[in-house]
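Quick mapping for you: the protein sequence lines, in order, are chains A, B and C.
Positions 11 to 265 (the working numbering) are the ones given, in order, by the first sequence.
Positions 96 to 161 (the working numbering) are the ones given, in order, by the second sequence.
Positions 124 to 494 (the working numbering) are the ones given, in order, by the third sequence.
Note that beta-carbon positions come from the ideal geometry of N, C-alpha and C, so glycine has one too.
Just so it is clear, the structure is predicted and the values come from calculations on it, not from any experiment.
In what follows, a structure is listed as structure tokens, so that the remarks can point back to it.
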Amino acid sequence: MTDELKIGGREIKNRFFLGTGKFSGNEALEKAITGCDIDVVTVALRRVDDRPGAENILDFIPKSCVLLPNTSGARNADEAVRIARLAKASGCGNWIKIEVVSDNRYLLPDNRETIKATEILSREGFVVLPYMLPDLYAARDLVSAGAAAVMPLGSPIGSNRGLRTAELVRILVSEMTVPVIVDAGIGKPSDAAQAMEMGCSAVLVNTAIAIAQNPQDMARAFDMAIKAGRLGYLSGIESPVGTGRASSPLTGFLR
Amino acid sequence: MKLKINGKDEEITDAKTLGDLLRQRGLNRPTVVAEHNSVIIARAALDSTELKPGDIIEFVSLVGGG
Amino acid sequence: MGFESILSKYEDGPADIFPDASERDVARAASKDCPDERDFAALLSPAAKTMLEPLAQKAHSLTLRHFGRTVLIYAPLYLADYCDNRCRYCCFNGERGGERKKLSQDEIKRETAALASLGIGHVIVLTGDNRLHTPPRYLEDALKIITPHFASVAIEVPSMDTDDYKRMIAAGADGFTMFQETYDRKIYADVHPSGPKRNFLYRLDAPERAATAGMRLINIGALLGLAPWRREVFLTGLHALYLQDKFPSCDITVSLPRLRLSHTGFESYAQPMQDADMVQSIIALRLFLPHVGINISTRETAWFRDNILPLGITKMSAASSTSVGGYAVHKTTGNGQFEVGDERSLPEIKTMLAAKGYYPVLKDWIGAQNP
């Protein structure tokens with residue numbers, strides 16, 4: 011039996027999704043992607059840099075990768091929808107990561123605006139992966155609105171504090187019928203492994219790799235951790251079921 | 096004429112269409128998307144989109160992001 | 124749609140669902156925070172029988188965490204035993220001779236007063252299946268008399284349409300109990316040779332209709348002993364999960380009524396359910412459905428009920444009479460629907476619970492009609 015991850019009708023071969031922001035340079039990014047056979051790569055949309063000789067990031071991302079543009083910069087649903095449409099017009103496919111942040115202090119996603127944007131964009135045929143604050147009700151609404159997956163944050167963007175929201179993500183993993191992909195805040199390979207052991211379908215990592223001394227090696231470490239976590243989950247993580255004798259046996263009366 | 100391009104007011108004298116503007120700036124590549132007064136303009140329509148004073152134009156493209 | 128689409132997936136497989144489960148399957152199932160169906164089947168499997176003690180400890184811990192130390196007390200109130208069904212296992216079987224009774228409005232008032240004076244706050248009202256003597260209108264009128272005196276009133280009556288359930292709710296009922304008897308269609312057809320109850324699917328969908336109508340408390344179960352128990356308990360668990368998912372605002376509980384053969388003389392197809400099987404069922408249900416209450420009636424003996432409490436019991440009946448008018452009107456006569464195994468009075472049950480560190484809850488929900 012194969013361990014398949016299917017999103018938007020496409021089979022995703024690597025559960026390690028890579029973000030491309032904050033890298034020291036495009037070469038470092040390219041090495042990280044090819045070194046790990048990354049399948050899904052996020053990008054952003056910005057006003058184009060018209061300096062002569064400006065590099066086009068797409069030249070450094072293998073054509074076989076799935077591009078996942080995000081709507082970073084959007085402060086409400088309308089802005090997210092606009093960015094999504096622009097991204098689609100650039101010819102990179104119909105996947106979109108909805109990221110609506112109106113709080114500039116913690117950069118927390120606005121679930122309500124995200125749900126609105128999800129509804130509009132999924133009707134337009136986008137494969138929508140919304141970045142969200144882990145909330146079961148919001149997650150259900152996102153799925154009803156047409157989301158192909160949900161992307162709960164592990165901890166605030168860039169904080170690299172790991173899986174602070176583990177308990178809430180665990181609930182989503184139990185209840186969601188779509189893939190749960192942890193995004194934001196994953197700081198160490200062990201954080202990624204933890205997310206996968208819990209049953210998450212994939213992990214999106216950006217900052218931790220981009221700012222590492224050696225991004226290519228760090229990416230490989232994450233790649234291994236994510237595969238290890240997934241294998242551990244599939245094999246059934248066991249904790250001992252009652253070792254030692256309890257002070258009062260509960261089934262002794264049967265004898 | 097005065098146009099707003101990527102958020103900045105600019106005085107443009109030698110471009111009549113969006114296509115002209117793109118070529119002038121070396122942005123005539125498939126991954127650049129042009130938005131003219133909040134409407135996304137398909138590549139095929141760039142040369143037929145005339146510029147008028149007060150137009151708001153955005154040129155966007157994919158860059159690195161998380 | 125309905126639960127049948129889930130039920131049909133398991134109708135052709137082994138009666139023990141997961142007979143080859145290994146001890147490792149069981150350990151894995153028990154270690155998960157959210158066991159799935161396969162895990163549930165493993166917990167019910169023969170392999171789990173040798174691991175009951177550590178599983179019981181987890182069941183106990185889960186019960187404490189989700190329900191605390193409270194146990195809800197309730198009592199049944201039989202209004203009538205006229206019945207057109209011929210359920211082969213039941214004492215109210217229409218073919219059995221003997222006097223049939225039906226409480227008049229006045230008698231209902233007396234029974235209600237007697238039960239309320241005992242201190243009971245939660246009541247389950249029962250009738251047999253007879254459209255002539257006890258149509259929905261009869262029950263509706265009875266509920267109007269009964270419900271103002273109790274915190275919560277459930278009905279365990281023949282299957283009804285959604286609209287009729289709405290009428291019962293308007294009359295003050297807030298709970299619904301229905302035992303599928305067996306999830307095995309062939310055995311169901313065999314033990315229900317005639318009468319309206321013969322319609323398997325109509326009964327199967329009754330909990331959904333009741334929940335849709337607005338019943339807040341939904342209690343289901345199978346009569347254990349009619350069919351091989353593992354599949355029955357497995358499907359009960361899946362039925363409870365299905366209802367819980369579909370009606371998140373409802374309180375789903377599960378009962379484990381065990382068939383008492385001596386009382387009816389009925390010979391069942393399945394082996395009688397052993398005490399250890401009951402224990403395993405309670406534990407497995409608790410681990411699979413940590414938020415679903417488990418109900419144990421006075422079918423069981425005092426000794427057994429006292430011992431299974433810590434495994435996950437959250438609701439128990441007390442001071443029960445299972446015959447019509449058994450609290451006041453026909454106190455000295457009558458064959459009950461089943462033989463009562465635990466005849467303790469409410470004060471005795473309360474004393475036992477207190478001694479075991481439990482808090483008996485007599486009034487869990489103050490109905491809108493209460494003064």
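For PRO413(C), no Cβ of chain A is located within less than 9 angstroms of the residue's own Cβ.
Within the same chain, Cβ atoms closer than 6 angstroms to the Cβ of LEU39(A) are found at THR30, PHE33, PHE70, the five residues on either side in sequence being excluded. Per DSSP, GLU105(B) is one residue of the beta strand (DSSP E) stretching across 103-106. At least 9 angstroms separates the CB of ARG171(A) from every CB of chain C. Between the segment 150-166 of chain A and the segment 182-192 of chain A there are three or more inter-stretch CB-CB distances shorter than 8 angstroms, so the stretches are counted as touching. LEU214(A) is bridged by DSSP to PHE27(A), ASP193(A). Look at ASP204(C) here: in three-state DSSP terms it is coil, with no helix or strand label.
Three or more beta-carbon pairs separated by less than 8 angstroms link the segment 163-171 of chain A to the segment 117-132 of chain A, which places the two stretches in contact. Put simply, the CB of SER100(A) is near chain B, with a gap under 9 angstroms to one of its CB atoms. Using a Cβ-Cβ distance cut-off of 8 angstroms, the segment 442-456 of chain C and the segment 222-235 of chain C are in contact, since at least three pairs of beta carbons, one from each stretch, lie closer than that value. As a beta-bridge residue in DSSP terms, GLY298(C) pairs with ALA277(C), LEU340(C).
The beta carbon of ILE135(B) sits closer than 9 angstroms to some beta carbon of chain A. The bridge partners DSSP lists for LEU139(A) are LYS107(A).
Taking C-beta separations shorter than 8 angstroms and ignoring five residues to either side along the sequence, the partners of GLY242(A) in its chain run ALA203, MET206, GLU207, following chain order.
For GLY242(A), the uninterrupted alpha helix (DSSP H) run begins and ends at 225-245, by DSSP.
At least 9 angstroms separates the beta-carbon of ASP307(C) from that of GLU160(C). Runs of beta strand (DSSP E) with 3 or more residues, each lying fully within the segment 382-433 of chain C, are found at 416-419, listed in chain order. The beta carbon of THR175(A) does not come within 9 angstroms of any beta carbon belonging to chain C, so the residue lies off that interface. Taking CB atoms only, ALA407(C) has no neighbour in chain A less than 9 angstroms away. Note on TYR201(C): 16 or more other CB atoms within 10 angstroms of its CB, so buried under the neighbour-count rule. Annotation note: the segment 35-117 of chain A contains the following uninterrupted beta strand (DSSP E) runs of length 3 or greater, listed N- to C-terminal: 50-57, 76-79, 105-108. Ranked by Cα distance from VAL377(C), the options TYR482(C), PRO330(C), ARG209(C), ARG383(C) are led by PRO330(C). At least one beta carbon of chain A lies nearer than 9 angstroms to the beta carbon of HIS183(C). Rounded to the nearest angstrom, the Cβ distance from ILE268(C) to LYS232(C) is 6 angstroms, consistent with a contact under 8 angstroms.
Using a Cβ-Cβ cut-off of 9 angstroms, ASN101(B) counts as an interface residue toward chain A, since at least one Cβ of chain A sits closer than that to its own. Residue burial annotation: ALA399(C) is exposed, with fewer than 16 other C-beta atoms found within 10 angstroms of its C-beta. Distances from the CA of GLY135(A) to each of ALA94(A), SER112(A), ALA148(A) were compared; the closest alpha carbon is that of ALA94(A). Of the residues assessed, ARG180(A) falls on the buried side of the cut-off, its CB having 16 or more other CB atoms within 10 angstroms. At a cut-off of 9 angstroms, the C-beta of VAL58(A) has a neighbouring C-beta in chain B. Between the C-alpha atoms of TYR288(C) and GLY337(C) there is a straight-line separation of about 8 angstroms. Residues of chain C whose Cβ lies closer than 9 angstroms to the Cβ of PRO259(A) are, in chain order, GLU176, ALA179, GLN180. Neighbours of THR126(B) in chain A, taken as residues whose beta carbon is under 7 angstroms from its own, are ASN66, LEU68, SER100, GLY101 in chain order.
Spatial neighbours of PHE232(A) in its own chain (CB-CB distance under 7 angstroms, excluding positions within 5 residues in sequence) are listed in chain order as PHE26, PRO199, ALA202, VAL215, ILE219.
The beta carbon of ILE419(C) is closer than 6 angstroms to those of ARG428, ILE436, MET439 in its chain, skipping five residues each way along the sequence. Along the segment 188-208 of chain C, none of the residues has a CB nearer than 9 angstroms to a CB of chain A. Cβ-Cβ distances below 7 angstroms link ILE135(B) to VAL128 in the same chain, with the five nearest sequence neighbours on each side left out; the list follows chain order.
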